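Asker:
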Amino acid sequence: MPILAPSLLSANFAHFQEALTLVHQHQAPWLHFDVMDGQFVPAITFGSQVVASLRDKSETFFDVHLMTNTPERHFAAFAQAGANNITFHIEATHHAHALVQQIHTLGVKAGIALNPATPLSAIVELLPFVDLVLVMSVNPGAGGQSMIPSMLQKVKRLQQMKSHYNYPYHIQIDGGINESTIFAVKNAGIDVVVAGSAFFANPKLDLFLQRLRS
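Position one of the sequence shown corresponds to residue 25 (the working numbering), numbered consecutively onward.
(1) Within 10 angstroms of the Cβ of Asn139, are there 16 or more other Cβ atoms? Answer buried if so, exposed if not.
(2) Mark Pro30 as exposed unless 16 or more other C-beta atoms lie within 10 angstroms of its C-beta, in which case mark it buried.
(3) Between Met91, Leu123, Asn36, which has its C-alpha nearest Asp61's C-alpha?
(4) Taking only runs of the alpha helix (DSSP H) that begin and end inside the region 83-123, which ones reach a length of at least 4 residues, in chain order?
(5) Tell me whether Thr117 counts as near the ligand GTP, meaning its Cβ is closer than 7 Å to at least one heavy atom of that ligand.
(6) Do Thr111 and Leu158 have their beta-carbon atoms positioned less than 8 Å apart in this structure?
(7) Can you tell me whether Gln41 is buried or exposed? The criterion is at least 16 other CB atoms within 10 Å of its CB, across all chains shown.
(8) Please determine, among Ile206, Asn211, Leu44, the residue with the shortest C-alpha to C-alpha distance to Lys228.
(9) With distance defined between alpha-carbon atoms, name the residue in His50, Ser34, Asn36, Ala212 nearest to Phe232.
(10) By alpha-carbon positions, which one of Ala67, Gly199, Val216, Val132 ends up nearest to Phe102?
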């Protein structure tokens, strides 16, 4: 059964405590924080203060996804705030291996993300060193988009390499995951499912959770 990671991006920004309560009620093991800087993507969301404000209210695994330029500027703040994993984008740096090492030095798991137009070849050399690979199944920057089905081929290939080389990383997918797409995502071999609108703004939430966990 894939790990469920609800994305706080789709919650009511005026009621993060209520969002956290919903995460606990539905026993989601992870909470996903989409951090946007207005440069790597047009939108601006929230910073490490939000992670810190929720940390002492939850034992949930806090999964931080940095959609930012110069992501290394933010590692220490999010680690100090209580992040358990920090993921940055391969498109945002020329020194990805060094950044993975930097995150690990902070005592936090390290993930690498890639946009739909970025081939897997861009991250192959990192796979032995990362704890998580995030496949973006929509273009980053906004919630509510439809999943790009061809991204599941990346998931399948990552699962093949993981099995062949005994790599330890989790494979995560983010974008357009709902009750209609979850079966295809599971069949591709996903480990972690990020759910935004499907979790926080879905009248069919029970159906989505049933299909995720069946």
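Backbone N, C-alpha and C define an ideal beta-carbon position, used for all residues, glycine too. Computed from a prediction, not measured in an experiment: that's the story for all the values here.
Answerer: The structure says:
(1) Stepping through the sequence shown from its first residue, residue 139 is reached at position 115. Counting Cβ neighbours within 10 Å, Asn139 comes out buried, since at least 16 surround it.
(2) The residue labelled residue 30 in the question sits at position 6 within the sequence shown. Pro30 comes out buried.
(3) As a position in the sequence shown, residue 61 is number 37, starting the count at 1. Closest option to Asp61, Cα to Cα, is Met91.
(4) 99-105
(5) Annotation note on the ligand GTP: not contained in the displayed structure, which lists no ligands.
(6) As a position in the sequence shown, residue 158 is number 134, starting the count at 1. As a position in the sequence shown, residue 111 is number 87, starting the count at 1. It is a contact, given that the beta carbons lie within the stated cut-off.
(7) Position 17 of the sequence shown, counted from the first residue, corresponds to residue 41. With fewer than 16 other Cβ atoms within 10 Å, it is exposed.
(8) Indexing the sequence shown from 1 puts residue 228 at position 204. Answer by Cα proximity: Ile206.
(9) Within the sequence shown, the letter at position 208 stands for residue 232. For Phe232, the nearest C-alpha among the options comes from His50.
(10) Position 78 of the sequence shown, counted from the start, is the residue given in the question as residue 102. Nearest option by C-alpha distance: Val132.
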